[in-house]
Each structure stands twice: as structure tokens, then as C-alpha cells.
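Asker:
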Amino acid sequence: MASRGGGRGRGRGQLTFSMEAVGIGKGDALPPPTLQPSPLFPPLEFRPVPLPSGEEGEYVLALKQELRGAMRQLPYFIRPAVPKRDWRRLPRELKIRVRKLQKERTTILLPKRPPKTTEDKEETIQKLETLEKKEEEVTSEEDEEKEEEEEKEEEEEEEYDEEEHEEETDYIMSYFDNGEDFGGDSDDNMDEAIY
167 MASRGGGRGR GRGQLTFSME AVGIGKGDAL PPPTLQPSPL FPPLEFRPVP LPSGEEGEYV
227 LALKQELRGA MRQLPYFIRP AVPKRDWRRL PRELKIRVRK LQKERTTILL PKRPPKTTED
287 KEETIQKLET LEKKEEEVTS EEDEEKEEEE EKEEEEEEEY DEEEHEEETD YIMSYFDNGE
347 DFGGDSDDNM DEAIY
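Residue numbers (our numbering): 167 to 361.
Have a look at this one:
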């Protein structure tokens with residue numbers, strides 16, 4: 167037997183808590199939304215007592231600091247040991263490297279070269295022109311040699327092609343068999359298979 171509205175999935179959903187328990191009655195307006203973030207710290211209920219000022223307060227503070235320093239210097243003061251891990255069993259890739267801070271590098275300024283005079287510029291221009299002329303002569307000679315070599319190669323290729331053509335036709339003519347001589351001797355012996 168189905169109950170009214172209390173089943174799963176059908177009917178009106180009901181609230182899991184009562185509105186009166188939260189403090190909101192029926193018909194009451196909801197509180198306005200907060201547009202500010204909540205404070206980081208709760209408000210202080212008790213204010214700390216201000217430090218005693220004057221010579222007495224400073225003297226007591228200095229005594230406390232001196233006592234703490236003296237206690238740290240005693241042999242009974244145990245410091246936590248620096249963890250020294252045994253990395254011998256691990257490969258080099260997994261070892262932790264402690265990097266030392268590098269000192270700041272200062273840039274070394276090289277002394278400036280004196281500016282070139284016009285005579286030096288003229289000499290360099292003349293040297294460059296003579297080098298260009300020499301290169302042009304060398305390249306023209308190389309071009310002529312390349313052209314001659316290409317002509318020789320073309321002639322050799324033509325001769326080679328003619329010889330190859332002759333050999334191809336010679337092979338066909340020498341091994342051509344029209345089938346007249348096939349099976350002349352095998353008529354007498356019919357034991358063999360015929361293909």
C-alpha cells in the first residue's frame with residue numbers, strides 16, 4: 167500500500183530539518199546576504215597585559231634573554247640532530263644535491279679598440295677587390311672544366327646506349343625458339359608426362 171508523498175522519488179520533497187529549530191519562522195524574511203568575507207581572526211575577548219615599561223621592565227627582559235642564551239650554551243641543551251641520510255644504496259640520479267649559492271658575477275669590460283682610420287679602410291677595400299677578382303678567375307676556369315666534362319659524359323652515354331641496344335636485340339635473336347624442334351624425339355616413348 168502506497169503512502170501519500172512519503173515515498174522515494176514521487177511527490178513533493180520535504181526538508182530534513184525543521185525551520186523553527188534554525189530560528190526562522192513561517193513568513194519571516196530571510197537574513198540579508200553577507201557581501202563581505204568573514205574576518206580572519208575572531209574578536210579578542212581578553213586583551214594582553216601591556217609590558218611593564220621603565221628601567222625595571224627592561225632589566226627583567228634583559229635577564230630573561232641572557233638566561234635563555236646561557237641555557238643554550240650549556241652542554242645539557244640538546245639540539246636536534248641534522249638528518250644525515252645514507253645515499254650509498256641509491257643511484258646517482260636519485261641523490262639529493264645540495265646546491266651552493268653562486269657569487270654574483272661581475273662583467274669584465276674589455277678596453278675599446280681605437281677607431282680605424284680612413285687609410286686602413288682603403289687598404290681593406292683594395293684587398294677585398296683583389297680577392298674578388300681572383301675568385302672570379304678561379305670560378306670561370308672551373309666552369310669551363312665542368313662544361314668539358316659534361317660534354318664527354320654525354321658522348322660516352324650515347325655510345326653506351328647504342329651498344330646496349332645492340333646487345334638486347336642480339337640476345338633475343340640468339341635465344342629465339344619457334345617450337346619446331348619441340349617434342350620430336352618424345353613421340354616414341356609415351357611413358358613420359360605431357361605438359
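Beta carbons: idealized from backbone N, C-alpha and C, even for Gly.
1) To the nearest angstrom, how far is it from the Cα of Q292 to the Cα of E320?
2) How big is the Cα-Cα spacing for D287 and K278?
3) Tell me the residue span of the alpha helix (DSSP H) that contains Y123.
4) Contact check, G223 vs L217 under 8 Å by CB: the rounded distance?
5) Our contact map puts K266 next to W253 with C-beta atoms below 8 Å; I'd like the distance itself, whole angstroms only.
6) Spatial neighbours of I190 within its chain, please: C-beta separation below 8 Å, excluding the five flanking residues on both sides.
7) Over the uninterrupted alpha helix (DSSP H) stretch that includes E186, give me the two end residues.
8) Report the three-state DSSP secondary structure of R258 (helix, strand or coil).
9) Could you give the distance in angstroms between the alpha-carbon of E310 and the alpha-carbon of V304?
Answerer: Looking at the coordinates:
1) Here residue 292 refers to the residue found at position 126 when the sequence shown is read from its first residue. Here residue 320 refers to the residue found at position 154 when the sequence shown is read from its first residue. Straight-line Cα distance between these residues: approximately 43 Å.
2) In the sequence shown, residue 287 corresponds to position 121, counting from 1. In the sequence shown, residue 278 corresponds to position 112, counting from 1. First, the residue type needs correcting, since residue 287 is Lys and not Asp in the sequence shown. Looking at the two C-alpha atoms, the distance is approximately 18 Å.
3) Here the chain comprises residues numbered 167 to 361, so residue 123 is not present and cannot be evaluated.
4) Taking the first residue of the sequence shown as position 1, residue 223 is located at position 57. Taking the first residue of the sequence shown as position 1, residue 217 is located at position 51. Under the criterion of beta carbons closer than 8 Å, G223 and L217 qualify as touching, at roughly 6 Å.
5) One-based indexing of the sequence shown puts residue 266 at position 100. One-based indexing of the sequence shown puts residue 253 at position 87. The C-beta separation of K266 from W253 comes to about 18 Å, leaving the pair out of contact by the 8 Å criterion.
6) On the sequence shown, residue 190 is found 24 positions in, with the first residue counted as 1. Shown here for I190: same chain residues with a beta carbon closer than 8 Å to its own, the five before and five after excluded, namely L196 in chain order.
7) Here residue 186 refers to the residue found at position 20 of the sequence shown. Where E186 is concerned, the enclosing alpha helix (DSSP H) stretches over M185 to V188.
8) Mapped onto the sequence shown, residue 258 falls at position 92. Here R258 sits in helix by DSSP.
9) Along the sequence shown, read from residue 1 onward, the residue named residue 310 stands at position 144. Along the sequence shown, read from residue 1 onward, the residue named residue 304 stands at position 138. Cα-Cα distance, rounded: 10 Å.
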